[in-house]
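Before any comments, here is the structure.
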Amino acid sequence: MTALLDIKDLVVEFPVGGRVVQAVTRVSLTVQRGETLGLVGESGCGKSTLGRAVLQLYQPKSGAVVFDGQDLTKLSPPLMRKMRQRLQMIFQDPIASLNPRRRVGDIVAEPLIIAGVTDADERLRRVRAVLTEVGLDPDITMARLPHEFSGGQCQRISIARALILEPELIVCDEPVSALDVSIRAQIVNLLEDMKDRYGLTLLFIAHDLAVVKAVSDRVAVMYLGRICEVAPTETLFRTPAHPYTRLLLDAIPMPDPDIRPVEGVAVGEPPSPIAPPSGCRFRTRCPRAAGRCAAEMPELVALPSGQMVACHFPLI
Amino acid sequence: MAAVRRRTGLLFWCALGWITLVLVLAIIAGVLPIPSPTDMDIFARRKGPSLAHLLGTDSLGRDVLARLIYGARISLSVGLLAPVIGLSIGGALGLLAGYFRGRFETFVTGGVDVVLAFPPLILAMAVTAYLGQSIVNLTLVLGFLGIPAFTRVARAATLTFSAREFVTAARALGAGHARIILKELLPNVALPLGAFFLLGVAVTIVVEGALSFLGLGVPPPAPSWGVMIGEGRESLEMAPALAFLPAVVMFLTVLSFNLVGDTLRALTDPRQGAL
């Protein structure tokens, strides 16, 4: 396997009322061709920002996003526009990500038009094919407006739009978080099917650990703009190395009233990203924090178990 | 269609009917069997309704019905064309300002505030004094004065829609600025702008009437409703109908445009909220 996507020391900053918030702080990650990398973390930890920065929807302050050997941050706008055909995105809010005033047929055909497919018959043929692929009847859906569909159906339309150019990488930004629990499995299964069929590589952003466990080959855990831990899914869920990963796993509710909530783990709210703690970002909530954690920001290092962890005192 | 009718009510259709009637009469005025609106009959001044003059004559012996219908031509063409100027220029400025933000937006909103702060009556007087009194000049002045309002409506709507994910999705697909503005934003911004346009028509008809009443609008002897009210004022005691009739026609027309505009906005708004 070769790395399709290589994120190197990526920094994304936003100006907020005269100050600067670093939403993503020196993040390095690789995604292998054909794998699904799950990216989890609390709301506001910067995981969506990271996903969008990969697609150059935000201009990174520094660092590189190397896709198939080319640094996207250094591509000229015309070349980047061309490159976008190989990178697609699926959004969290299925209804807001579709233009309420355009018909579904036009929405799904839009990538083809932008990519310069001028033959209207070919566009129609491909739109019909991809709609069928995601489980929608083209005859019924194409002439309708998005608000005539349910959230799950809208997400299928969104997936069809992302697939029609047969991209290599799809960034899924919480694609099932806004859906009913009963619909989630369907959409997750659809994504899995499409991944096999099109040989996709997925960067799967979510805060729902159950979903991430189901779809990911590897999982990266993010906290306040930093990556805490990257590990194969099985390893991460069985033996978390970072105290924050442990906290997330312990927070999964168990469907058994006799199980006591785990004591002695971190509590409270994450600190404000405007003024992050010195050293390790997690130290203010970490049960194992020591003096060194305040002084020195831990970097990702490989453990013998095969997982990467950014902690001075890993759990294993 | 049935659903639309249930949500609009009888009043909407009455208003639409009145607007259609006035529009049609104004368009076919030339072929209607009515006297010329400027032919004077000095011996039949301020006559009541008769077969020759269905609504009587004014203080110069001109046919009131003919003047009302020809007046509709002027009042409606000014009332429709001036907001078109405001809609196209203001709408474009607002869209661009709301989409690109930054320095251009600051410049546009600043310019809009300057125009809003300028007294409209002074501007109308200045233009008539320097460029002369004509229907074209009047339309241009009223159109210019309408630009700020349309800019604000367009910018506010664009700001809302630009933040929605479908715009991000279009950017992620590699769509250029022009394509995003025309294909993604314009269809959405067009709805509130369209509803606002109808309100703009109503306001413009009133302002045109007021300016003509003050002698700053349409030059005589061309009839406009405002001119007719102004002329009727002079014989208010002898023949109140001369001022009253054009006032009623203007009132009904403005009310109708307001009603239709409001209803269309109400029809489009809740669905927008639900999306």
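Residue numbers (the working numbering), protein chains in the order written: chain S, 1 to 316; chain L, 317 to 591.
Heads up, the beta-carbon is just placed ideally off N, CA and C, and yes, glycines get one too.
The model shown is predicted, which means the values in this text are computed figures rather than measured ones.
With a minimum length of 4 residues, the unbroken runs of alpha helix (DSSP H) contained wholly in the region 275–308 of chain S fall at 291–295. Residue state for Tyr386/L is assigned as helix, using DSSP reduced to three classes.
Pairwise C-beta distances place the region 9–25 of chain S in contact with the region 218–227 of chain S, as three or more of them are shorter than 8 Å.
Within the same chain, and ignoring the five residues on either side of Glu174/S in sequence, the residues whose Cβ sits closer than 6 Å to its Cβ are Gln92, Ile205, Ala206. In summary, the residues of the region 470–484 of chain L whose CB is separated from some CB of chain S by less than 7 Å are Arg480, Glu481, Phe482, Thr484, in the order they occur in the chain. If you compare the alpha carbons of Asp137/S, Pro60/S, Pro111/S, Val21/S with that of Lys499/L, the shortest gap goes to Pro111/S.
At a cut-off of 7 Å between beta carbons, Ala491/L contacts chain S. Take Arg128/S, set aside five residues on each side of it, and the residues of its chain with a beta-carbon closer than 8 Å to its own are Pro138, Met142, in chain order. The C-beta separation of Ala559/L from Gly548/L comes to about 3 Å, placing the pair in contact by the 8 Å criterion.
If you draw a 10 Å sphere on the C-beta of His493/L, you find fewer than 16 other C-beta atoms in it, and that means exposed.
At a Cβ-Cβ threshold of 7 Å, His312/S and Arg292/S count as neighbours. A straight-line Cα-Cα distance of about 8 Å links Leu432/L and Leu461/L.
DSSP, read as helix, strand or coil, puts Glu13/S in strand.
Thr467/L sits close to Val428/L, with the two beta carbons spaced by under 7 Å. Interface flag for Pro503/L against chain S is set, since a Cβ pair is found closer than 7 Å. In the structure shown, the three-state DSSP call for Val212/S is helix. Ser150/S sits exposed, since fewer than 16 C-beta atoms from the chains shown fall within 10 Å of its C-beta. DSSP places Cys228/S within a strand segment (E or B) once states are collapsed to three. Below the 7 Å Cβ cutoff, chain S contributes Asn99 as neighbours of Glu500/L, in chain order.
Of all residues in the region 135–169 of chain S, only His147 place a beta-carbon less than 7 Å from a beta-carbon of chain L. For Gly38/S, the uninterrupted beta strand (DSSP E) segment begins and ends at 36–40.
If the five residues before and after Gly152/S are omitted, its C-beta is found closer than 8 Å to the C-beta atoms of Pro94, Leu179, Asp180, Ile183, Gln186, Ile187, all from its own chain and listed in chain order. In this structure Arg197/S is exposed. Its beta-carbon is surrounded by fewer than 16 other beta-carbon atoms within 10 angstroms.
Between Leu55/S and Met89/S, the gap from beta carbon to beta carbon is short of 7 Å. A Cβ-Cβ contact shorter than 7 Å links Gly459/L with Ala398/L. The residue among Ser177/S, Leu165/S, Glu35/S with its C-alpha nearest the C-alpha of Leu489/L is Leu165/S. The beta-carbon of Leu55/S is placed less than 7 Å from the nearest beta-carbon of chain L. Taking a contact as a CB-CB distance under 8 Å, the pair Leu341/L and Leu561/L does not count as one, their CB atoms being some 14 Å apart. The bridge partners DSSP lists for Ile205/S are Leu39/S, Asp173/S.
Separation of the CB atoms of Val534/L and Val570/L is rounded to 17 Å, and the pair is thereby denied contact status at 8 Å. As summarised for the region 525–560 of chain L, the continuous alpha helix (DSSP H) elements at least 4 residues long and confined to that stretch are 541–549, given in chain order. Distance from the CA of Glu42/S to the CA of Ala511/L, rounded to the nearest whole angstrom, comes to 42 Å. Take the alpha-carbon of Arg19/S and the one of Cys45/S: they are about 18 Å apart.
The beta carbon of Ile114/S sits closer than 7 Å to some beta carbon of chain L. When 7 Å is used as the limit between beta carbons, Ala582/L is near no residue of chain S, the shortest such separation being about 17 Å.
In this model, Lys8/S and Leu163/S are separated by some 27 Å (Cα to Cα).
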